[in-house]
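Asks:
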Amino acid sequence: MSELVSAYLPELIIIVFILFNLLASLFFNTYLYKLSKWVTLLGIVFALASTFYLQIEPEAYAFDGSFLSNIYTVFFKILILISGFFLTLLSRNMIREKRDRAFEYFSVFLSGILFAMCAVSATDFVGLFVSLEALGLSCYMLLSFTKSPDAKQLTFGYLVQGAVVSSLFLAGLSVLYGMCAHVDYQQIGLYFSQNQPQILLTFCLVLMTCTILFKLGLVPFSSWLPDTFQGASYPIAAYMSCVPVLACFGVLSRMLMILLNYTFTMKIVFACIAVITILLGSLSAIRQESLKRLMAYSMSVHSGIMLLGLCVFSVYSVSGVLFYLFCYIFSNIGAWSAIILLYDSGKLENLNDLKGLIYHRPYYVIAFTVVLISLAGIAPTCGFVSKLYMASAVARSGFVFLPYLIISLLAFVIMIYAYWRIIRAMFRRIETNISIDNNVISSKFILYACAFATVGICLFSDKIIQLCQLVAYYM
Amino acid sequence: MSFLSLIWLIFLPLVIAGVIMLPVFPNHQVRVRRFAKWFAGFHFAYALLFLAFFDTSLYGMSFEKELTFFGMSWLKSLGISAKFAVDGISLLMVVLTTFVVLITLFMSKIHIRSKHKLYYAMVFLLECAILGIFCSKDMFMFFVFWELSLIPVYFLVSQWGNSEARRAAMKFTLASFVCNMFLFFGMLILYYYNFAVSNVLTANIESLNMDEKIYPLWFQVTVFVNFLIGFVIRVPFAGFHNWYPDIQNKAAAPVNILLSGMLLNTGVYGIIRFNMQVFPEIFKLFAPVLMIWSVVNIVYCGALSIVQPEVKKMVAYANVATMGFVMMGLASLNSTGFNGAVFMALAATIVYCALFVVISCVQFRTKTTYITALGGLGQVMPKCMYLSLIVCFASVGVPFLVMFAPKMMVITGALFSNLEQQLMVKLVAFIGLLAIAVSAGYIMYFFYKVFCSVLLEQWKKLKDLSPQEASVLSALCLVIIYLGVCPMSIVQIYQSVSSIILDVLQV
């Protein structure tokens, strides 16, 4: 029991609150819908607090060693829970529209967070597969909360492709099991350190990473992303650009640590995927008129940059990925909160709707600009420091990856233009009569908090980088 | 001298920009403007104190300060720290920058009609970024300020320019970002190769000297070219110059003054600080190429200047052509040329700021900048005419005015340069000499067209300069005359620095 508590406490708390939400949905659905948000927030805060009681040194295991708790997993859990906290606050208008299903919504929401945390902690491929599938399932269910038939059609592609790639994962896993007779990460690593890896390993790696590339919206599987985001409600789209990304990078760096060291070709393949994603994503992003679709491509491009850092694979680059994720979460949630504020207060969702906003809401526009500048990786924000750190990790690894670095840096300028279009629209000198009556305190709070956080992290980035290096070292 | 802190000098404008943007700050245009002017005056005086207490005999950096956050340096684990220091060259640029801001704020009153808070905040943000560029001791800190300076420029041009300004601002911003990425890439590989060779993780510019360590030639050339691409867009050079006349043509008049006074200097400073100090060997290798490029710049942009239908574009092209002389002086690799080049950069800033001030006065009254629509304004605006005559003479290079000494120094430096390609060098210097005559042509053509030819009917009721405009222009003219009469007062400030740089560079 003590073993379970020392490694599994946050998940236990989340499970308790999922059950509570499910039970509550049976009894008081329509009347006390506002309560559901506070219950969920309480659960997340408890889970966050409980992460400080987890045993991380030495590593703790639960469920016969198939569930790991160390500083690396705790880092990811804290990030996932923080983003969960913000996303819960952003769901305000979503649950106002669907009062009768508010508790249901939050139980699915929390189970997504639960399985994201489990995926990072899994020590074998079976646990990983189950967690990722469950995370995927909760995403599908969240998407189905949108009512319009048009949206269902748009998100259907996600469901079908997701089913296909997860079967690919299973195929790869079975071949891997056939080779080494193990599903445990450490045992597989041990096997390959003693035996010469075969061409089959590359084959497995290709099949197994498909599902993660799919969830991150990387290149061969990026077609679902804009359509799904367009179909989804705003808080759910924000959810899908944060929680699965965190989970997938948590998984990917641990998985690649075992498998990637044995195939140099795959490193190059991953670098190519990253560069092509950045190029295609940013080229598509500059043509978008819908803010949602633009943010979908933005997620894809940022995943590409992190993948480029990851395929270099050193302690340094992993810590770069951790720091990049840390900064990305704040900038991304800030941008989404700004977009959600706009939508909630006037159904504004296109670039053209933003024209001349500076005259009506100057402070809102400035905060949004700061967050976008951070996403674009320009100087006085944390986006710049994370880009600098990531690029320096790639540059440090030797001359092989330098061409990929310069191409992706130049391609990222296109993405800067995509973000800049939003800023340009807001500062447009056109007198429009947009009426924005945004008195949603929670979304405003998140927007301003994220804008301050992006600048603050930039100033105090040294401590966070040291923390990330420590985490990467203990991985 | 503990009250002289570079941190305060650099970040005070940023704080003031924040204060102006605060919701509690009155949104009353007169109050905002007066507050901004008072602050700019104070800041200029503070910068002058640095000049007064500067020890010119000192070799190397002085006033060194590190910005720490509760005792921690910024990004210590990456070897990057927010250290600031100045030497003679950067100190002069700093003082000039604060002076340009003061002048701009005096000229802003009549031209800026909307969004006052945002305008003054952006001017101070730009000032902070430019001062940061000149004072950074750390390569990445330099880059932070380098990128930061783009954001206010975009807003200043697009928000207060004419209807086409947004497109021009966007073009400049994107082109700069592309070139910045080359710069960033060059910095990254320099940083890590230095780490691999010396095993010290640092981005301090002084410890990155490529001369002492063993670097392969191709590597040095690659990094050098990356840096050069990053800097030439700011200078700007022929081939990379397109944004500058475009942006100047479309921006509001005070923004013209600000941009011509601030942006171009940063490019020259970058070339001196990085391409000359960090890669002296490669700079020697590239000197003939840069020499030819500079003369192409002078001739090509000078020729373009003559055919422009608009006054602003004309002066902007003339400005670009003048920057060719700066590069010629740097590439001649001797102390006369180098000192002349740095002086030239400073002098060009003052002279072209003054020309843009003249243009802003004319544009405010006539609401046009087309050269065919202007003419004979000297009859109704005599004060303006006489003051701009001094400015135009200065820009041509008349003796005892500011541009004479640097032009002669640059040409002499180029003539007696010890580069191996003697024939080419002599030819280039000779073309430069001829180009001075051509530049006299286009600047005096500008003067003649605006002030001297037949007065058009619609301009007969124009008023002469207001006291404020007249005082700004006369202040500039005083600086022009003072520096023309005693040029050595400027040169001696950076002589010790230039001797260090040239020790390694001399052929």
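Just so you know, the protein sequences line up as chains A and B, in that order.
Residue numbering for the first sequence follows our numbering, beginning at 2 and increasing consecutively.
Residue numbering for the second sequence follows our numbering, beginning at 1379 and increasing consecutively.
All C-beta atoms, glycine included, are put in the ideal place defined by N, C-alpha and C.
Hey, could you find the ends of the alpha helix (DSSP H) B:Leu1445 is sitting in?
Replies: The residue you call residue 1445 of chain B lines up with position 67 of the second sequence. Unbroken run through B:Leu1445 is the beta strand (DSSP E), 1440–1447; no alpha helix (DSSP H).
Asks: Given a limit of 9 Å on CB to CB distance, which residues of the stretch 1548–1565 of chain B reach chain A?
Replies: Residues passing the 9 Å Cβ filter: Met1548, Thr1551, Leu1552, Phe1555, Val1556, Asn1558, Met1559, Phe1560, Phe1562, Phe1563.
Asks: Throw me the rounded Cβ distance for the B:Pro1887 and B:His1489 pair, which I believe falls under 8 Å.
Replies: With chain B covering 1379 to 1885 only, the question about residue 1887 of chain B has no answer from this structure.
Asks: Would A:Lys293 pass as a contact of A:Pro227 if the rule is Cβ separation under 9 Å?
Replies: Stepping through the first sequence from its first residue, residue 293 of chain A is reached at position 292. Stepping through the first sequence from its first residue, residue 227 of chain A is reached at position 226. A contact, by the Cβ cut-off of 9 Å.
Asks: Going by C-alpha distance, which of A:Gly190, A:Ala275, A:Met256, A:Arg255 is nearest A:Pro221?
Replies: On the first sequence, position 220 is the one that residue 221 of chain A refers to. Comparing Cα positions, the closest option is A:Ala275.
Asks: Using 10 angstroms around the beta-carbon of A:Ser387, count the other beta-carbons present and answer buried if the total reaches 16, otherwise exposed.
Replies: In the first sequence, residue 387 of chain A corresponds to position 386, counting from 1. Classification of A:Ser387: buried, given that the 10 Å Cβ count is 16 or more.
Asks: With B:Ser1468 and B:Cys1513 assumed to form a contact (beta carbons below 8 Å), what rounded beta-carbon distance in angstroms separates them?
Replies: The residue given as residue 1468 of chain B occupies position 90 in the second sequence. The residue given as residue 1513 of chain B occupies position 135 in the second sequence. Confirmed, Cβ separation roughly 6 Å.
Asks: If you check the beta carbons only, do B:Ile1388 and B:Leu1509 fall under 9 Å apart?
Replies: To locate residue 1388 of chain B, count along the second sequence from 1; it is residue 10. To locate residue 1509 of chain B, count along the second sequence from 1; it is residue 131. Taking 9 Å as the Cβ cut-off, B:Ile1388 and B:Leu1509 qualify as a contacting pair.
Asks: Pull the bridge partners of B:Glu1688 from the DSSP assignment, please.
Replies: The count along the second sequence starts at 1 and reaches residue 1688 of chain B at position 310. BP columns for B:Glu1688 point to B:Tyr1748.
Asks: Indicate whether A:Leu115 and A:Ile16 have their beta-carbon atoms separated by less than 9 Å.
Replies: Here residue 115 of chain A is taken as the residue at index 114 of the first sequence, counted from 1. Here residue 16 of chain A is taken as the residue at index 15 of the first sequence, counted from 1. Result yes, Cβ atoms of A:Leu115 and A:Ile16 sit closer than 9 Å.
Asks: Would you kindly report the start and end of the unbroken beta strand (DSSP E) that includes B:Phe1602?
Replies: Your numbering for residue 1602 of chain B matches position 224 in the second sequence. Segment 1595–1610 is the alpha helix (DSSP H) holding B:Phe1602; no beta strand (DSSP E) there.
Asks: Under 8 Å: do the stretch 1689–1705 of chain B and the stretch 1640–1657 of chain B share three or more Cβ pairs, one atom per stretch?
Replies: Segments in contact, yes.
Asks: State yes or no: is the beta carbon of B:Met1500 nearer than 9 Å to at least one beta carbon in chain A?
Replies: Numbered from 1 along the second sequence, position 122 holds the residue referred to as residue 1500 of chain B. Taking Cβ atoms only, chain A never reaches closer than 9 Å to B:Met1500, which makes this a no.
Asks: In terms of residue numbering, what span does the beta strand (DSSP E) encompassing A:Ser70 cover?
Replies: Translated into positions along the first sequence, residue 70 of chain A becomes position 69. Unbroken beta strand (DSSP E) run through A:Ser70: 68–70.
Asks: Identify the continuous beta strand (DSSP E) that holds A:Ala61 and give its terminal residues.
Replies: Your numbering for residue 61 of chain A matches position 60 in the first sequence. A:Ala61 -> beta strand (DSSP E) spans 61–63.
Asks: Can A:Leu5 and A:Ala63 be called in contact, C-beta distance under 9 Å?
Replies: Within the first sequence, residue 5 of chain A is the residue found at index 4, counting from 1. Within the first sequence, residue 63 of chain A is the residue found at index 62, counting from 1. A contact, by the Cβ cut-off of 9 Å.
Asks: May I have the straight-line CA-CA distance separating B:Cys1557 from A:Phe413, to the nearest angstrom?
Replies: By one-based count along the second sequence, residue 1557 of chain B stands at place 179. By one-based count along the first sequence, residue 413 of chain A stands at place 412. Cα-Cα distance, rounded: 12 Å.
Asks: When the Cα of A:Glu58 is compared with those of A:Gly218, A:Ala48, A:Tyr449, A:Asn71, which residue comes out closest?
Replies: For the purposes of this step, residue 58 of chain A is identified with residue 57 of the first sequence, where counting begins at 1. Per the Cα distances, A:Asn71.
Asks: May I ask you to list, following chain order, the residues of the stretch 1423–1455 of chain B that have a beta carbon less than 9 Å from some beta carbon of chain A?
Replies: Result list: Phe1447, Phe1448, Met1450, Ser1451, Trp1452, Leu1453, Lys1454, Ser1455.
Asks: I need the boundaries of the alpha helix (DSSP H) containing B:Val1393, first residue and last residue.
Replies: The residue labelled residue 1393 of chain B in the question sits at position 15 within the second sequence. Here the alpha helix (DSSP H) through B:Val1393 covers 1384–1399.
Asks: Could you name the residues of the same chain whose beta carbon sits closer than 7 Å to that of B:Ile1878, not counting the 5 residues immediately before and after it, in chain order?
Replies: On the second sequence, residue 1878 of chain B is found 500 positions in, with the first residue counted as 1. So the qualifying residues of the chain are Tyr1437.
Asks: Within the 9 Å Cβ cut-off, does A:Leu403 reach chain B?
Replies: Numbered from its first residue, the first sequence carries residue 403 of chain A at position 402. Chain B contact via Cβ: present.
Asks: Applying the criterion that 16 or more other CB atoms from any shown protein chain within 10 Å of the CB defines a buried residue, is B:Asn1572 buried or exposed?
Replies: In the second sequence, counting from the first residue as 1, residue 1572 of chain B sits at position 194. That one is buried.
Asks: Would you list the one or two residues that DSSP bridges to A:Asn351?
Replies: For the purposes of this step, residue 351 of chain A is taken as residue 350 along the first sequence, with counting starting at 1. Note: A:Asn351 sits in a beta bridge opposite A:Ser291.
Asks: So, with DSSP's three-state summary, where would you put B:Lys1628?
Replies: Looking up residue 1628 of chain B in the second sequence gives position 250. B:Lys1628: helix per DSSP, three-state reduction.
Asks: Could you tell me the distance, in whole angstroms, from the CA atom of A:Ala103 to the CA atom of A:Ser26?
Replies: Residue mapping note: residue 103 of chain A aligns to position 102 of the first sequence, counting from 1. Residue mapping note: residue 26 of chain A aligns to position 25 of the first sequence, counting from 1. Cα-Cα distance, rounded: 8 Å.
Asks: Between the alpha carbons of B:Ala1853 and B:Phe1716, how many angstroms are there, rounded?
Replies: Stepping through the second sequence from its first residue, residue 1853 of chain B is reached at position 475. Stepping through the second sequence from its first residue, residue 1716 of chain B is reached at position 338. When rounded, the distance between both Cα atoms is 28 Å.
Asks: Would you kindly report the start and end of the unbroken alpha helix (DSSP H) that includes B:Ala1848?
Replies: Here residue 1848 of chain B corresponds to residue number 470 of the second sequence, with the count starting at 1. Residues 1845–1863.
Asks: Step through the CB atoms of chain B and report whether any lies within less than 9 Å of the CB of A:Ala452.
Replies: Within the first sequence, the letter at position 451 stands for residue 452 of chain A. No, A:Ala452 does not count as interfacial toward chain B.
Asks: Do B:Leu1912 and B:Trp1524 have their C-beta atoms closer together than 9 Å?
Replies: This structure cannot settle anything about residue 1912 of chain B, because the visible part of chain B is limited to 1379 through 1885.
Asks: Which term fits B:Met1866, buried or exposed, when burial requires 16 or more other beta carbons within 10 angstroms of its beta carbon?
Replies: Within the second sequence, numbered from 1, the residue matching residue 1866 of chain B stands at position 488. B:Met1866 comes out exposed.
Asks: To the nearest angstrom, how far is it from the Cα of A:Val270 to the Cα of A:Ile442?
Replies: The residue you call residue 270 of chain A lines up with position 269 of the first sequence. The residue you call residue 442 of chain A lines up with position 441 of the first sequence. Whole-angstrom Cα-Cα distance: 46 Å.
Asks: Please identify, using Cβ separations under 8 Å, the residues of the stretch 1533–1546 of chain B that lie next to chain A, in order along the chain.
Replies: Those residues of the stretch 1533–1546 of chain B that come within reach of chain A (Cβ to Cβ, closer than 8 Å) are Phe1533, Ser1536, Gln1537, Arg1544.
Asks: At a threshold of 8 Å, does A:Arg425 count as lining the ligand MG (C-beta to nearest heavy atom)?
Replies: The model on display carries no ligand, and the ligand MG is accordingly not part of it.
Asks: Taking CB distances under 9 Å as the criterion, tell me whether B:Leu1509 reaches chain A.
Replies: Against the second sequence, residue 1509 of chain B aligns to sequence position 131. Not an interface residue.
Asks: Check the Cβ of B:Phe1518 against every Cβ in chain A and list those closer than 8 Å, keeping chain order.
Replies: Position 140 of the second sequence, counted from the start, is the residue given in the question as residue 1518 of chain B. Going along chain A in sequence order, the residues near B:Phe1518 (Cβ under 8 Å) are Leu389.
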